[in-house]
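Chains as they are written, first to last, in UniProt numbering: chain C, 1 to 81; chain U, 1 to 745.
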């Protein structure tokens, strides 16, 4: 199981949970599992999210490995100028 | 891709100040910018724009314009496709409005004619019947439940019910117990701030020439930060396949984020499709200011508690941003960045975006961060003043460092904030004496940086030179830095490498030049492409020497035998290997395709001395020093240029630049006479101090540097002005009338 932290404004769409536990071994499985467990998160996931894995931010890397030992933080999709 | 595991790398090319490859072309006028492109039979396009801030389009009569001699095509929104994707749909209706105009300057129709003067005359003959609607241009007013609604049904699911339909985005970040944190504070300050929208202020207006034939095949030449983005937008808005469009980016006269969208290219293509001839459109400065993308305007509330010895106990921010007439997520970035410089037990940032009748916001260096950090750093400075504390010591005491739980969620790895603050403290600027009416300001800044989709092709030419093909327009010196990294890896002189920017049909997809990504991501891909070419060269030499491939190493630009059974073959240089490539298997090349991650966040600290004139409210910047963790600085001149440029743009944002709207919702200052950017005579020499803390996510330790420098200036200058004037300034810009009013009560 992987514990993933949601940012505050997503929690209302995930039964108020700050940390969600899902079965996943990579970024894509994590997103799929989150959307299945909490369908309210699906629109945001579809629009795009970033993922911080032990402090390193990933934008779209589906096959990035994730394990229970990692700090996993869901973040908005990064944009720049 | 991890930092190369080498105890100490002695760079030979990277880190030097080689001649820039575009220098001679730019100083001699040879460089071809967007407006320099022409074609036989080319027509001139011109766009009719709304004079109203908000109105329903009842009808458009183009008959008189079409009848004018020399007019070859007229288009309106009806000539563009209606993409299902919301992002593309917004681009389409922003290029040419359909049912409503959403801001003063919104494009309504366009003509193509045989001369500029005929095109100008023709747009005056287009009759548009408007039903004027109530408008709103202020973010706080737009959030009120009874505000005029800019667009209906655009709110995201995160926005609570019952708010104005203008509110499209809501976000919240943070951790810890705020009430307990504020209860521990000896001093709490709560302030509200406002900042005006500003423009990126690039010197080159948007320009393009486009051709779309009856066979559905098209070409566009334009100035842009991303030719692949232009292709995607044009394909969606024109309803054609991407493979049928070839987009070539010109030399670019500044972008700063402002050229990460399209405004005129789809219009020129639509005109060309109707006219059967190439169409060129060059925006005027008035159009650039009215109808391209400025940054957000903001209204913010910040509350911070501090103990009497300077420890921050709790912090909260509420940000209200407006990105104009369309939804956007810039407030997400501002909210995450707001308190990133601090190690906080309790912190919360809440963000809202509200639509207003203003042009569509387009990112401007570190979008969202300069404003929120301006407000936070202003309150930290005021707390230091109130508690009699040194503002640099307070920042060091509270600085985020490795292991800090960041205010936006993740735990920081290796970051350079403390080193940057210590460099500022040790610099003579920090202790230099100040005179009457003078003040010193300090601010930290932060930006995320990212990588993204990148393709690079590297070719070993038969004369021993090297060609690198990349797909990102060079807005900050990337051709030099990419050539330098290729030269470094291959072990050849810098002047043996030439890097060019590909059109969309010549190289695979690349993300736009944004997010401070190019030196990091394209550099990373270039190093990998060079390593692929080296591997191939070693493989071929192993065949010649009849030894195992792994018995050949690459060193100092040569293949050499290595190991006990490799023999004593003389080294073969890249040029020698290239000369016989045809005999050993054909052309030698390397390429690499990646969606790069691991860019590494970046911190900066700015110090600024100002003098205010108590009689006029004018501010003079006396001294300015930028300290920034750049990771490995590939070409220090360009890094320093980014740091200086960010500071200068921030000076403009802090002191003078603002979008001023009248009661009628129309922009009052759409020109550089009234929208005042800093000029050389306004500025001191901007001193720079580069810190090189390697980014563990890049083989040479490179981080992005292009955006962080615009983050600290707003607060550094506001803090300096507030201390010089003896009054806390809470609204930007601090223009002379605003400062004089604050000083005189």
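Note that beta-carbon positions come from the ideal geometry of N, C-alpha and C, so glycine has one too.
The beta carbons of residue 103 of chain U and residue 358 of chain U sit about 5 angstroms from each other, so the pair counts as a contact at 8 angstroms. Taking C-alpha positions only, residue 623 of chain U is separated from residue 686 of chain U by approximately 7 angstroms. Residue 43 of chain U and residue 114 of chain U do touch by the CB rule: their CB atoms are close to 6 angstroms apart, below 8 angstroms.
In this structure, the CA atom of residue 263 of chain U is about 38 angstroms from the CA atom of residue 617 of chain U.
A direct Cα-to-Cα measurement between residue 515 of chain U and residue 152 of chain U gives close to 31 angstroms. Here the alpha carbons of residue 284 of chain U and residue 173 of chain U stand approximately 41 angstroms from one another. For residue 643 of chain U, the enclosing alpha helix (DSSP H) has its first and last residue at 636-655. Near chain C, meaning a CB-to-CB distance below 7 angstroms, the residues of the region 169-194 of chain U are 170, 171, 172, 173 and 174. The alpha-carbon of residue 130 of chain U is positioned some 9 angstroms away from that of residue 50 of chain U.
Per the coordinates, the alpha-carbon of residue 29 of chain C lies some 18 angstroms from the alpha-carbon of residue 77 of chain C. For residue 646 of chain U, the CB contacts under 6 angstroms within the same chain, skipping 5 residues up- and downstream, are 709 and 710 in chain order.
The bridge partners DSSP lists for residue 210 of chain U are U:220 and U:279.
Burial check for residue 1 of chain C: the Cβ neighbour count within 10 Å stays below 16, so the residue is exposed. The C-alpha of residue 525 of chain U is placed about 16 angstroms away from the C-alpha of residue 696 of chain U.
With a cutoff of 7 angstroms on beta-carbon distance, residue 410 of chain U and residue 52 of chain C are scored as near each other. Taking each of U:638, U:664 and U:676 in turn and checking the Cα distance to residue 654 of chain U, the smallest one comes out for U:676. Beyond the five residues adjoining it in sequence on each side, residue 688 of chain U comes within less than 7 angstroms, by CB distance, of 626, 640, 643 and 644 in the same chain, given in chain order. Taking one beta carbon from each stretch, the region 132-147 of chain U and the region 61-78 of chain U have fewer than 3 pairs nearer than 8 angstroms; the two do not touch. Residue 62 of chain C has a beta carbon lying at 7 angstroms or more from every beta carbon in chain U. Listed along the chain, the chain U residues whose CB falls inside 8 angstroms of the CB of residue 76 of chain C are 171, 329, 332, 333 and 336. Taking all protein chains shown into account, residue 668 of chain U has fewer than 16 neighbouring C-beta atoms within 10 Å of its C-beta and is therefore exposed. According to DSSP, residue 58 of chain C shares a beta bridge with C:51.
Secondary structure at residue 629 of chain U: strand, using DSSP grouped into helix, strand and coil. No Cβ-Cβ contact shorter than 7 angstroms links residue 337 of chain U with residue 319 of chain U. For residue 185 of chain U, the CB contacts under 7 angstroms within the same chain, skipping 5 residues up- and downstream, are 305, 306, 307, 313 and 314 in chain order.
For residue 106 of chain U, the secondary structure class from DSSP, reduced to helix, strand or coil, is coil. Look at the region 485-516 of chain U: the residues with a C-beta under 7 angstroms from a C-beta of chain C are 514, 515 and 516. At a C-beta separation below 9 angstroms, residue 367 of chain U has these neighbours in chain C: 79, 80 and 81. Rounded to the nearest whole angstrom, the C-alpha separation of residue 290 of chain U and residue 166 of chain U is 21 angstroms. Residues of chain C with a Cβ closer than 9 angstroms to the Cβ of residue 470 of chain U do not exist; the shortest Cβ-Cβ separation is about 18 angstroms. Residue environment analysis places residue 478 of chain U among the buried positions, since at least 16 neighbouring C-beta atoms fall within 10 angstroms of its C-beta. Residue 673 of chain U counts as exposed, since fewer than 16 other C-beta atoms from the protein chains shown sit within 10 angstroms of its C-beta.
With contacts defined as CB atoms closer than 7 angstroms, residue 196 of chain U and residue 659 of chain U qualify as a contacting pair.
Residue-level contact by beta carbon fails for residue 35 of chain C and chain U, as no gap is shorter than 7 angstroms. Using a Cβ-Cβ distance cut-off of 8 angstroms, the region 565-580 of chain U and the region 447-454 of chain U are not in contact, since fewer than three pairs of beta carbons, one from each stretch, lie closer than that value.
The DSSP assignment places 438-447 as complete runs of the beta strand (DSSP E) inside the region 361-449 of chain U, in order along the chain (cut-off: 3 residues).
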